[in-house]
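Some notes on the structure that comes next.
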Amino acid sequence: MAPPRVTKKSISPVVICLLADRPEVIPIIASWIYDEWSFLYAGKTRQYVENFLHERLHKKQLPITFVAFQSGEPVGTVSLKEFDIETRTDLTPWVTSLYVVKSLRGKGIGSRLMEAAEEKAGKLGIKKLFLFTADPDLAARFYRKLGWKTKEKTIYNSYKIIIMEKRLAGTRQYRHIPVR
Ligand SMILES: CC(C)(COP(=O)(O)OP(=O)(O)OC[C@H]1O[C@@H](n2cnc3c(N)ncnc32)[C@H](O)[C@@H]1OP(=O)(O)O)[C@@H](O)C(=O)NCCC(=O)NCCS
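Numbering (this note's numbering), first residue to last: 8 to 187.
Here it is in structure tokens:
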């Protein structure tokens, strides 16, 4: 018998929620962040990350965390927060902690999360967002495609980083990126 055809309909949709509406997934999100950016949390525990996620349980003010769900399971996250780099408090606010589970990368979930964060920022009246990355490929291929521009290259915690910025053009620009 021929294998069932994978059609668009048979792929479960990705739904973006606010962590404020699903706080029970905080331990999972904390594990992702703690493991992915362990170099930033040297000497700190996973509980430290859980604690700051509890501070991001907002809906209409920063900091806000978004979670992507597929078939009821969390599959990715991103946050909006006022400050991200202690040395650059002149820039605000920031997109931070973007993460998609390894097995589901390359399907558009990261782009959808970015879109959700930018759309919310636009609704909150934010005109410009910042982010930083230490990965020049990510900056050139992923963020650039989403309309982000390099603001400057600098050193942070002895890492070479790229600070990027995006001017938001209101909420009309969003066409909802399809998940592949
Ligand atoms: C970065 C990340 C969130 C992207 O999520 P994703 O769901 O795979 O993203 P998308 O499927 O929307 O990717 C869109 C495009 O970006 C590209 N891309 C994704 N990650 C990339 C990387 N690390 N380097 C270069 N290009 C990348 C994809 O190839 C894709 O390009 P295509 O549409 O031409 O095929 C994911 O790879 C991740 O969680 N990485 C680990 C954490 C991380 O680095 N976060 C960012 C911190 S600044």
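Using N, Cα and C, we set each Cβ at its ideal position, and we do this for glycine too.
| Asked | Found |
| --- | --- |
| Are isoleucine 35 and alanine 75 touching if we call contact CB-CB under 7 Å? | no |
| In whole angstroms, give me the CA-to-CA distance for glycine 154 and glutamate 126. | 13 Å |
| Just the Cα atoms here: how many angstroms apart are alanine 141 and isoleucine 168? | 4 Å |
| Start and end of the alpha helix (DSSP H) containing serine 118? | 116-130 |
| Could you tell me which residues DSSP pairs with glutamine 77 in its beta bridges? | Val21, Glu80 |
| Need the endpoints of the beta strand (DSSP E) that glutamate 57 sits in, please. | That residue, glutamate 57, is in no beta strand (DSSP E); its alpha helix (DSSP H) goes 53-61. |
| Do three or more CB pairs link the region 97-107 to the region 25-44 at distances below 8 Å? | yes |
| Along the beta strand (DSSP E) that carries tryptophan 101, what are the first and last residues, could you check? | 101-107 |
| Ends of the alpha helix (DSSP H) at glutamate 43? | 33-43 |
| Can you round the beta-carbon distance between leucine 98 and leucine 87 to whole angstroms, since I take them to be within the 8 Å contact cut? | That belief does not hold up - the Cβ atoms of leucine 98 and leucine 87 are roughly 13 Å apart, past 8 Å. |
| Determine the DSSP secondary structure at isoleucine 133, reduced to helix, strand or coil. | coil |
| According to DSSP, which residues form a beta bridge with glutamate 172? | Phe137, Lys156 |
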